[in-house]
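Undergrad:
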Amino acid sequence: MGQYSIGEAIQMLMQKSGWKPKATEIRIRQEWEQIAGKTIAKYTRELKVFNGTLTIYTDVAPLKQELNLGKQQLIKTINEYLGETAITEIIVK
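Position one of the sequence shown corresponds to residue 1180 (my numbering), numbered consecutively onward.
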């Protein structure tokens, strides 16, 4: 059996246990202001991640439009921030 760093072992455990998606969602929620900026974070009501899809909830119509237009850039920004391809799609509600 090979040797792994503690970080690698934790990553493997999270993948095998199914905890990884929830951990990703928690991290995005906690760091949403740094990822998306203060204005977007202020008017975002909720965030959910399921099967690589980030659902963003907001009641502000202009923000919905802005997020829909900038989905691909936001996906790229989130994945770069996380250091992995965790998000493949965004839904704005």
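C-beta: ideal position from N, C-alpha, C; glycine also.
Only a predicted model underlies this, so the values are computations on that prediction, with no experimental measurement involved.
To the nearest angstrom, how far is it from the Cα of I1219 to the Cα of Q1182?
TA: Numbered from its first residue, the sequence shown carries residue 1219 at position 40. Numbered from its first residue, the sequence shown carries residue 1182 at position 3. Cα to Cα, I1219 sits roughly 42 Å from Q1182.
Undergrad: Taking the beta carbon of T1203 as the centre, do at least 16 other beta carbons fall within 10 Å, making it buried, or is it exposed?
TA: Position 24 of the sequence shown holds residue 1203. Under this definition T1203 is a buried residue.
Undergrad: Apart from the five residues just before and just after Q1252, which ones in its own chain have a Cβ nearer than 8 Å to its Cβ?
TA: Within the sequence shown, numbered from 1, the residue matching residue 1252 stands at position 73. Counting only Cβ-Cβ distances below 8 Å, and skipping sequence neighbours, we find nothing.
Undergrad: Taking the DSSP output, what are the residues bridged to E1225?
TA: Looking up residue 1225 in the sequence shown gives position 46. Its beta-bridge partners are Y1236.
Undergrad: Could you check which residue in R1224, V1271, G1216, I1185 has the C-alpha nearest to that of Y1260?
TA: One-based indexing of the sequence shown puts residue 1260 at position 81. The option with the nearest alpha carbon to Y1260 is G1216.
Undergrad: Kindly indicate which three-state DSSP category E1245 falls into: helix, strand or coil?
TA: Here the question's residue 1245 lines up with position 66 in the sequence shown. Helix at E1245.
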